[in-house]
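S.K.: Just so we're on the same page, this note's numbering is the position in the sequence shown counted from 1, plus 171.
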Amino acid sequence: MWKCKKCGEEVGVRMGILVKLNSKKETTGDDLSMYDTDYYECSHCHNYSYSDVEEIANWEED
172 MWKCKKCGEE VGVRMGILVK LNSKKETTGD DLSMYDTDYY ECSHCHNYSY SDVEEIANWE
232 ED
């Protein structure tokens, strides 16, 4: 797993997408964004990188 260089906790990828809402503030399933937004983030200290997981983490076998 990818381990944070700052605190040693697990790093993952955060993904998000902008979706359309109806009048009841419920999602309609229609996307408003062309691309998903993603970046690598530590689950504990929230250190992050937009470009490369290796900037903030090292791979360690379980």
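All residues carry an ideal CB built from backbone N, CA and C; glycine is no exception. Quick caveat: nothing in here was measured; it's all calculated off a predicted structure.
1) Beta strand (DSSP E) containing G183: first to last residue?
2) Can you find at least 3 beta carbon pairs, one from the segment 217-227 and one from the segment 177-194, that sit closer than 8 Å?
3) Where does E212 land, buried or exposed, given buried means 16+ other C-beta within 10 angstroms?
4) Report the rounded CA-to-CA distance for E231 versus S194, giving the unit in angstroms.
5) Taking only the alpha-carbon atoms, compute the straight-line gap between W173 and E197 and give it to the nearest angstrom.
M.R.: The short version:
1) V182 to G187
2) At 8 Å Cβ cutoff, the stretches touch.
3) buried
4) 47 Å
5) 35 Å
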